[in-house]
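Encoded as structure tokens, the structure appears first; notes follow it.
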Amino acid sequence: MDKARMWQRGLGASLLAALLAAGGASAQALNKGDERLLNDLAQANMAEVAAARIALQKSQNEQVRSFAQQMIDDHGKGLDAVRQVAQNKGLTLPAEPDSKQKAMAQQLQGLSGEQFDRQYLEQAGVKGHRQAHALVSKAQKQAKDADVKALAAQLQPTVEQHLNQVQQLNASLKSGTAAGSSGDAGRSGSGQPGERLPPGERDSSGNLDNPLHPASPTSSANPNNPAKPAPKPPPERY
């Protein structure tokens, strides 16, 4: 009799524990909106890691490569944080980037040199982090689950830092390329507007308004403008 009572008590305790566990799980279950937010956060982090790995393979620019390694490190940690929250909520996240992110990766694979660096920084860098920033801001405002809100708040400073960093790097790359193609912005022998070159130095710019240019109408070296003889002094008067 005692054994039966003990068994009943043990069974009741087990059922109670199971019910409590089920109640806790249902209390932690996410609504559809929060599930989408977690999925989107996971996709954003996966996309940055995937694109950065391509950049390490293809880019020869040390600044771009350094940025790409930082993206692998930081967004790898961000992805781990998203997965941990999803695991606690019983949510299974996608294991690979979506179709749009795969298309971007395929496009990057077909590029090389400066063209690759430009597209990587503009697409995965600037555009990707603008979208990620909008996503973490949205999650903090719209998420119903406290853990999802906290996760978004945890990710936001890193996303903002990345966005500022890649915007500066992208602008630096563009200005550096422009300077390389247009040449030195300093004086290269052609002279600046209104600048007089030293005597004996020829103007290589083709500017006929420069009096030192041989073809200038005022130049003594111009065959069409022979030098005029010096005027004779007036006769002396006694």
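Counting from 1125, one number per residue, gives the positions in the sequence shown under my numbering.
Cβ atoms here follow ideal geometry from the backbone N, Cα and C, with glycine treated the same way.
On a predicted model such as this, the values are computed, not experimentally measured, just so you know.
- With a cutoff of 8 angstroms on beta-carbon distance, Leu-1215 and Glu-1159 are scored as near each other.
- In the structure shown, Gln-1230 falls within a helical segment according to DSSP collapsed to helix, strand and coil.
- Secondary structure at Leu-1215: coil, using DSSP grouped into helix, strand and coil.
- Taking the Cβ atoms as the reference, His-1253 lies roughly 6 angstroms from Val-1283, within the contact range of under 8 angstroms.
- With 16 or more other Cβ atoms inside 10 Å of its own Cβ, Gln-1167 counts as buried.
- Per the Cβ contact rule, the segment 1237-1250 is not in contact with the segment 1260-1268 (fewer than 3 Cβ pairs under 8 angstroms).
- Your pair Val-1209 and Leu-1275 checks out as a contact, with CB atoms roughly 5 angstroms apart and the cut at 8 angstroms.
- Its chain contains Gln-1280, Val-1283, Glu-1284, Leu-1287 as the residues whose beta carbon lies nearer than 8 angstroms to that of His-1257, once the 5 sequence neighbours on both sides are disregarded; these appear in chain order.
- By the criterion of a C-beta distance shorter than 8 angstroms, Val-1272 is surrounded in its chain by Leu-1154, Asp-1158, Leu-1161, Leu-1162, Val-1209, Ala-1263, once the five residues flanking it on both sides are discounted.
- DSSP places Leu-1161 inside the alpha helix (DSSP H), whose first and last residues are 1156-1182.
- Relative to the Cα of Gln-1194, the nearest Cα in the group Leu-1217, Ala-1175, Gln-1184 belongs to Ala-1175.
- Shortest Cα-Cα distance from Ile-1178 to any of Leu-1259, Lys-1224, Pro-1218, Gln-1233 involves Gln-1233.
- In the structure shown, Pro-1281 falls within a helical segment according to DSSP collapsed to helix, strand and coil.
- Distance from the CA of Asp-1222 to the CA of Met-1170, rounded to the nearest whole angstrom, comes to 9 angstroms.
- For Leu-1235, the CB contacts under 6 angstroms within the same chain, skipping 5 residues up- and downstream, are Gln-1243 in chain order.
- Using a 10 angstroms sphere on the CB of Ala-1295, the tally of other CB atoms stays under 16, which defines it as exposed.
- Ala-1227 and Val-1188 have their C-alpha atoms spaced approximately 21 angstroms apart.
- In this structure, DSSP gives Ala-1267 a state outside helix and strand, which the three-state scheme calls coil.
- In the structure shown, Ala-1295 falls within a helical segment according to DSSP collapsed to helix, strand and coil.
- Annotated three-state conformation of Ser-1261 is helix, per DSSP.
- For Asp-1164, the closest alpha carbon among the candidates Ile-1196, Asp-1197, Glu-1220, Gln-1181 is that of Glu-1220.
- Setting aside the 5 residues that flank it on each side, Asp-1241 is surrounded in the same chain by Ser-1183, Asn-1185, Val-1188, Leu-1297, each with a C-beta closer than 7 angstroms to its C-beta; the list follows chain order.
- Around Val-1260, the same chain offers Ala-1276, Leu-1279, Gln-1280, Val-1283 as residues with beta carbons nearer than 7 angstroms, after the five sequence neighbours per side are excluded.
- Where Glu-1238 is concerned, the enclosing alpha helix (DSSP H) starts and stops at 1237-1243.
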